[in-house]
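Novice: Quick note on my numbering: the sequence shown kicks off at 113 and runs consecutively. Each residue gets a CB set at the ideal place from its N, CA and C atoms; glycine is no exception. Bear in mind that the values here come from a model prediction, so they are computed numbers and not experimental data.
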Amino acid sequence: MRLTINSEITDEIFGPLDVTAEMSLQDLIALLEFECGFDATKHNLLHKATALNSSESKTLQELQFENDELLVIKAKINNVHENSQSGASMEDMLVEQARQQILQNPALRAQIVSSNPGFESIINDATAFRQQAGPHLLQSMQGGSRQNPFGIAQTEYDELMRNPDDPANQKRIGELISQQEIDEQMRNALEFTPEAFTTVHMLYVNLEINGYPVKAFVDSGAQSTIISTKLAEKAGLSRLIDKRFSGEAHGVGVQKIIGKIHIAQVKIETQHVPCSFTVLDTHVDMLLGLDMLKRHQACIDLKDNVLRIAGVQTRFLSEAEIPESLEAKISESTSQGLNIPAPSAQLEPPKKAQTSQPHPERAFPESVVQQLMDLGFSRSEVLRSLEQANGNPDVAAALLFQ
Numbered sequence: 113m114r115l116t117i118n119s120e121i122t123d124e125i126f127g128p129l130d131v132t133a134e135m136s137l138q139d140l141i142a143l144l145e146f147e148c149g150f151d152a153t154k155h156n157l158l159h160k161a162t163a164l165n166s167s168e169s170k171t172l173q174e175l176q177f178e179n180d181e182l183l184v185i186k187a188k189i190n191n192v193h194e195n196s197q198s199g200a201s202m203e204d205m206l207v208e209q210a211r212q213q214i215l216q217n218p219a220l221r222a223q224i225v226s227s228n229p230g231f232e233s234i235i236n237d238a239t240a241f242r243q244q245a246g247p248h249l250l251q252s253m254q255g256g257s258r259q260n261p262f263g264i265a266q267t268e269y270d271e272l273m274r275n276p277d278d279p280a281n282q283k284r285i286g287e288l289i290s291q292q293e294i295d296e297q298m299r300n301a302l303e304f305t306p307e308a309f310t311t312v313h314m315l316y317v318n319l320e321i322n323g324y325p326v327k328a329f330v331d332s333g334a335q336s337t338i339i340s341t342k343l344a345e346k347a348g349l350s351r352l353i354d355k356r357f358s359g360e361a362h363g364v365g366v367q368k369i370i371g372k373i374h375i376a377q378v379k380i381e382t383q384h385v386p387c388s389f390t391v392l393d394t395h396v397d398m399l400l401g402l403d404m405l406k407r408h409q410a411c412i413d414l415k416d417n418v419l420r421i422a423g424v425q426t427r428f429l430s431e432a433e434i435p436e437s438l439e440a441k442i443s444e445s446t447s448q449g450l451n452i453p454a455p456s457a458q459l460e461p462p463k464k465a466q467t468s469q470p471h472p473e474r475a476f477p478e479s480v481v482q483q484l485m486d487l488g489f490s491r492s493e494v495l496r497s498l499e500q501a502n503g504n505p506d507v508a509a510a511l512l513f514q
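#1: Spell out a yes or no on whether the region 312-323 and the region 371-383 are touching, meaning 3 or more CB-CB pairs, one atom from each, closer than 8 Å.
#2: I want to know whether the region 400-410 touches the region 418-430 - three or more CB-CB distances under 8 Å.
#3: Do L140 and L182 come within 8 Å of each other at the CB atom, strictly closer than that value?
#4: Please go through the same chain and pick out, in chain order, the residues whose beta-carbon is closer than 6 Å to the beta-carbon of R211, but skip the five residues on each side of it.
#5: So, with DSSP's three-state summary, where would you put S497?
#6: From which residue to which residue does the alpha helix (DSSP H) around R242 run?
#7: Hey, would you say L349 sits closer than 8 Å to A376, going by beta carbons?
#8: So V184 and N118 are in contact, right, with Cβ under 8 Å, and what is the actual spacing, rounded?
#9: Exposed or buried, which one is S336 when buried takes at least 16 other CB atoms within 10 Å?
#10: Helix, strand or coil, according to DSSP, for L175 in the structure here?
#11: To the nearest angstrom, how far is it from the Cα of V312 to the Cα of S430?
#12: L175 and A159 - do their beta-carbons sit closer together than 8 Å?
#13: Taking the continuous alpha helix (DSSP H) assigned at T122, which residues delimit it?
#14: Please state the DSSP three-state secondary structure of T311.
#15: Which residues in the same chain have their Cβ closer than 8 Å to the Cβ of K342, if we skip the five residues on either side of it in sequence?
#16: For the region 314-347, list the beta strand (DSSP E) runs that are entirely contained and at least 3 residues long, ordered along the chain.
#17: Hey, how far is the Cα of M273 from the Cα of E293?
#18: For F357, count the other beta carbons within 10 Å of its own beta carbon; 16 or more makes it buried, fewer makes it exposed. Which is it?
#19: Can you tell me whether K372 is buried or exposed, with buried defined as 16 or more other CB within 10 angstroms of its CB?
#20: For L140, which of helix, strand or coil comes out of DSSP?
#21: Could you give the residue range of the beta strand (DSSP E) that holds A187?
#22: Under the three-state reduction of DSSP, which class applies to V481: helix, strand or coil?
#23: With 16 other CB atoms within 10 Å as the buried threshold, where does V366 fall?
#24: Would you report the Cα separation of N58 and V481, rounded to the nearest angstrom?
#25: Specify the secondary structure class of P128 as computed by DSSP and reduced to three states.
#26: Grab the span of the alpha helix (DSSP H) containing K283 for me, first residue to last.
#27: What does DSSP give as the partner residues of M398 in its beta bridges?
#28: Which residues in the same chain have their Cβ closer than 7 Å to the Cβ of S198, if we skip the five residues on either side of it in sequence?
#29: For N281, which residues in the same chain have their Cβ closer than 8 Å to its Cβ, ignoring the five residues on either side in sequence?
#30: Rounded C-beta distance between K355 and I370? I'm assuming under 8 Å.
#31: Given the structure, does G348 come close to the ligand MN, in the sense that its CB is under 7 Å from one of the ligand's heavy atoms?
#32: Which residue wins for smallest C-alpha separation from K186, given the options A163, A245, E178?
#33: Would you list, in sequence order, the uninterrupted beta strand (DSSP E) runs of no fewer than 3 residues that lie entirely inside the region 404-432?
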């Protein structure tokens, strides 16, 4: 049979507990002492509103216990009285100790009497002192922090409740209510979703750039794929940096763009894919951005913990495979907001040299102009990009698509 235990001592419900009908009451009480903190000297066990004799040796079946019964643990009345009396005697003792200290300290007594003239008439009467000054002394000993719904100092709570319609008090009460809701949400989150408070590690994959092995940071929130000047030098790509594409990357902060590498071979598992890089002087060696991910129809599969790209899949590195220094660099870069473009990062096109007099418009082959206009751009945009690219149609097309 199953029994449910309601403890009025702790306001808890235990069970259902699976027991047999042949179990004796003494064995049940021993079980309750272990499971529910039952104490036969202080508590009564009620079955159908009747207190059971804890020394009874009958079985539960003989006591007419049925399946799904509810048993109640209540404090014995004499214990309640004893506890209340012991609590009251403790408070009386504290008040009397305070009175004796005042009597033995003339300077303290004079100071109290000067601010409370009526104090002199009760200081020599223990009963009057306990009745009139006792509550104030006890509150003072407790730091004025009696329980209130908001858990704040009692003096502040009394002040708020004295005039709850005051706009300033209403604002403060609203803040306290909001804080209670926030605290409740946090308790629920800690209980039901504790993983929300753990550190989430970034996504990295192993790849090779121009034959050089790299642990690349995958960031679908960055507009462009980034390579650092140090990695470009190690991979032998420094000579391919087109500095005409220098500019600024705007995100949380601003980072100077050194230039652009128009194409380089990146090896992911067994697949070689072409990739263009924006070159920044950053702590992060390589950041695989949205341009590369979209171009090769990548899929970030967090369920299988893999990156699917260009017909192959490569697993994301585990926490143990990511060097701590690499994680620190990512954290430093993102906290500064300067080294990695944020999701809203926009790459500025190359700036033309500022001169005091405008250059006359150069003549470009009409066939080249028309070819670029067929891509969906206006004639003025095409001419401007050709001017910036010194007439090179491929570079001009790249500028138009920035």
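Specialist: Let's see:
#1: yes
#2: yes
#3: no
#4: F241
#5: helix
#6: 238-244
#7: yes
#8: 5 Å
#9: buried
#10: coil
#11: 11 Å
#12: Ala is not the amino acid found at residue 159; the sequence shown has His there. Yes. Within cutoff.
#13: Note, T122: premise wrong, no alpha helix (DSSP H); not H, not E.
#14: coil
#15: D397
#16: 316-321, 324-330, 338-340
#17: 20 Å
#18: buried
#19: buried
#20: helix
#21: 181-187
#22: helix
#23: exposed
#24: The requested residue 58 is not part of the displayed model; the chain covers only 113 to 514.
#25: strand
#26: 279-304
#27: I339
#28: Residue confidence is low: S198 scores 46 on pLDDT, short of 50, so the model does not pin down where it sits. No coordinate-derived value is stated.
#29: E271, L272, N275
#30: 7 Å
#31: The ligand MN is not part of this structure, which contains no ligands at all.
#32: A163
#33: 411-413, 418-421, 424-427
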